[in-house]
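Residue numbers (the working numbering), protein chains in the order written: chain A, 87 to 461; chain B, 87 to 461. Glycine included, C-beta positions come from ideal geometry on N, C-alpha and C.
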DNA sequence: CTGAAAGCGCTTACAG
DNA sequence: CTGAAAGCGCTTACAG
């Protein structure tokens, strides 16, 4: 037995009470077209008396615009997406847009399902964090249908849609360069590094070329590129054994990789983590170890999370402007929805190095000679 | 200049290509009513060929149901709401429902605006975390209009809508009792404690009566009630000076309250924080102090956040089943939408004490005699 | 099982 | 400035 939803007050009811046509009532209530002050007041007070609320569905069916944007996030529960969503939500509310939110869980089937739902709900545009750089046919067809997409954090090759992200290479480069300047020579990195048909060795070879461009790669690879560049500039040789590749966005995977790295007899003296989830897994591994930060191990994390400011030691981080990324993406999308047809835009935002005390010069490890050169 | 949205393929197009009426096409595509295998196949292949996607707006306009639920959260960026939303989202996706999300920012005007938007978007039901226990007229009118509401975490008095929350009193009681059992006699609490027309002294007097019921109060007051009960059971006198009342959901406010408490010459030897945000502020204050956990100060936090498991020392917490709360609320709402008209339901979920090492017996403070009784 | 017709609640030309 | 009419893309009785 379905509960029968009361068919609320309609524009027809208002028009009848006000003694005008539905067209006139519509013009007043929808604030389009002309209306005399007299009719206007009649309609308004009738609407008030009846408690009229417009049915946006009906309006959208005609206008072809829903004033709704859809989002496909990786996982709305993660601090990264939660902050981005907040930024998107701010802009949406400010512009009287609704927001439909879905998760892909980094699964292409889910992503396709989400996009279909958003399409059927007739969103005016979408913000998507695509989970497969190569699997974007479903997105191509959205764009082809004239529905704007803004990609966030990650992108599909040759989709030709706007993009908002951060300068991953620069952020990682600066963090790793700081560790190198402190004298670290064995710097571990824990990253997702999932897509990519190459081994770490092969990527090192590619990325060592000064002309190598990683712009279209996934964030963790761009961050590894920054790692490589910092090493090249410092003249420090690369060691593939120092790279922990979790291959999926999972704290457990990262924890496992960090444990492996730290239990090695020639363990790294510093760790660079490639995102929030990798940081959580890595810190869990560190907490289980006997290592004291920063004396036994220096750490810098990509993405600054709330708690990093009040644990001991406080953790150094590469901060991404997550809220601003969401706002920029939403604003760009609204511009597109409003008809802005300038060429494809790429907004690459700057990261910020946050120094708090989780970096110190390396100490000599048992059985190892460490030459501290520093800056 | 508005970009003209291409009016996609409609059921009329499909019907024409398939050589059937729109009614028949609708029956096949919408999977309602009868259809012969022959027509069915024709319609399906025509739809496939044209790339038909139903326009859910049109369907909803007729059926009066949008298969969409709306959520009014406090702040989707907080880990508390982010997890709840994930739970809601899981159930929604599983049932092919869309999800429209808004924030109230604990501001009644925003909440009213959000509810209006959801109403105009014709959601089939709402999940709301109301920000004012007394200000619920806008919610009353929603329920009166036949649109089900499930309240989460907090509730409006006498709204007569379902509710999903946790046993705040019990959770707080057990945490504080554990501190008392360790010998703590001066236990501070940092909480929002915003609504309520009483002072802490007055509340202590009220809540000391064994028959006092705090079920309809805001969570932080219920948690303070648990604090009071644990003290009464242990025969430990209450001291209003030990309660830091931030009066708003703000980490800064909590930090300030914690600083005040900790800088007092007869400072507490243990702290109980009443929610995630209070914990963040409190931990910031602790990080700035000279106090070492757990030797100088024991801590238990209400709400278990990811990072509490891998900081040092790991933090003890009262875990709320946030994801399950969201799932339960969404499931209950879907039941109501499906027509379940049983009497108002209250789902009160259990918390779980998580012991990790941030609690130890108190040490004597300079200039104070401490009698450790504990077990 | 199928089709013609009406209609959901609005907005949009089009006359006046 | 206003109203009668048509129509957005579907679903729903109602005949057949």
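- Under DSSP, residue 368 of chain B forms no beta bridge with any residue.
- A Cβ-Cβ contact shorter than 8 angstroms links residue 189 of chain B with residue 161 of chain B.
- Judged by beta-carbon spacing, residue 435 of chain A lies within the 8 angstroms limit of residue 407 of chain A, meaning their Cβ atoms are closer than that value.
- Look at the region 356-404 of chain B and you find these whole runs of alpha helix (DSSP H), each 4 residues long or longer: 362-374.
- By the Cβ-count criterion, residue 186 of chain A is buried, with 16 or more other Cβ atoms from all chains shown falling within 10 Å of its own Cβ.
- Residue 323 of chain A is not a Cβ neighbour of residue 272 of chain A, given a cutoff of 8 angstroms.
- With respect to residue 234 of chain A, residue 423 of chain A sits close: the two C-beta atoms are nearer than 8 angstroms.
- With contacts defined by Cβ atoms closer than 8 angstroms, residue 243 of chain B and residue 219 of chain B form a contacting pair.
- Counting C-beta atoms within 10 angstroms of its own C-beta, residue 207 of chain A has 16 or more neighbours from the protein chains shown and is therefore classed as buried.
- In the three-state DSSP reduction, residue 166 of chain B falls in the helix class (H, G or I).
- When 9 angstroms is used as the limit between beta carbons, residue 246 of chain B is near no residue of chain A, the shortest such separation being about 15 angstroms.
- Residue 225 of chain B has a beta carbon lying at 8 angstroms or more from every beta carbon in chain A.
- Nearest to residue 270 of chain A by alpha-carbon distance, out of A:158, A:225 and A:321, is A:321.
- In this structure residue 230 of chain A is exposed. Its beta-carbon is surrounded by fewer than 16 other beta-carbon atoms within 10 angstroms.
- When secondary structure is reduced to three states using DSSP, residue 159 of chain A falls in the strand class.
- Looking at the backbone, the Cα of residue 446 of chain B and that of residue 212 of chain B are separated by about 44 angstroms.
- Burial is judged here by how many other beta carbons sit within 10 angstroms of a residue's own beta carbon; residue 123 of chain A has fewer than 16 and is exposed.
- Here residue 262 of chain A carries a helix assignment [DSSP, helix/strand/coil].
- Nearest neighbour of residue 361 of chain A by Cα position, chosen from A:310, A:379 and A:373, turns out to be A:310.
- Closest by C-alpha distance to residue 287 of chain B, out of B:307, B:421, B:247 and B:443, is B:307.
- The bridge partners DSSP lists for residue 249 of chain A are A:237 and A:432.
- Listed along chain A, no residue sits closer than 8 angstroms to residue 309 of chain B by beta-carbon distance, the nearest being about 21 angstroms off.
- When C-beta atoms of the region 128-137 of chain B are compared with those of the region 361-381 of chain B, fewer than three pairs fall below 8 angstroms, so the two segments do not count as touching.
- In this chain, residue 188 of chain A is not harboured by any alpha helix (DSSP H); it is covered by the beta strand (DSSP E) spanning 184-189.
- Chain A has a Cβ within less than 8 angstroms of the Cβ of residue 366 of chain B.
- Between residue 216 of chain A and residue 391 of chain B, the alpha-carbon positions lie close to 27 angstroms from each other.
- Under a criterion of Cβ atoms nearer than 9 angstroms, no residue of chain A is adjacent to residue 166 of chain B; the nearest Cβ is some 10 angstroms distant.
- Residue 298 of chain A sits away from residue 262 of chain A, with the two beta carbons spaced by 8 angstroms or more.
- For the region 139-160 of chain A, the beta-carbon criterion of a distance under 8 angstroms to any beta-carbon of chain B is satisfied by 139, 140, 141, 142, 143, 144, 146, 147, 150, 151, 152 and 154.
- DSSP, reduced to helix, strand and coil, places residue 282 of chain B outside both helices and strands of the structure shown, so it counts as coil.
- Residue range 211-214 is occupied by the beta strand (DSSP E) that includes residue 214 of chain A.
- With 16 or more other Cβ atoms inside 10 Å of its own Cβ, residue 210 of chain A counts as buried.
- With its beta carbon at least 8 angstroms from every one in chain A, residue 404 of chain B lies outside the interface.
- Look at the region 375-388 of chain B: it has no residue with a C-beta under 8 angstroms from a C-beta of chain A.
- Close to residue 392 of chain B, with beta-carbon spacing below 7 angstroms, are these residues of chain A in chain order: 366.
- Collapsing the DSSP output to three states places residue 406 of chain A in coil.
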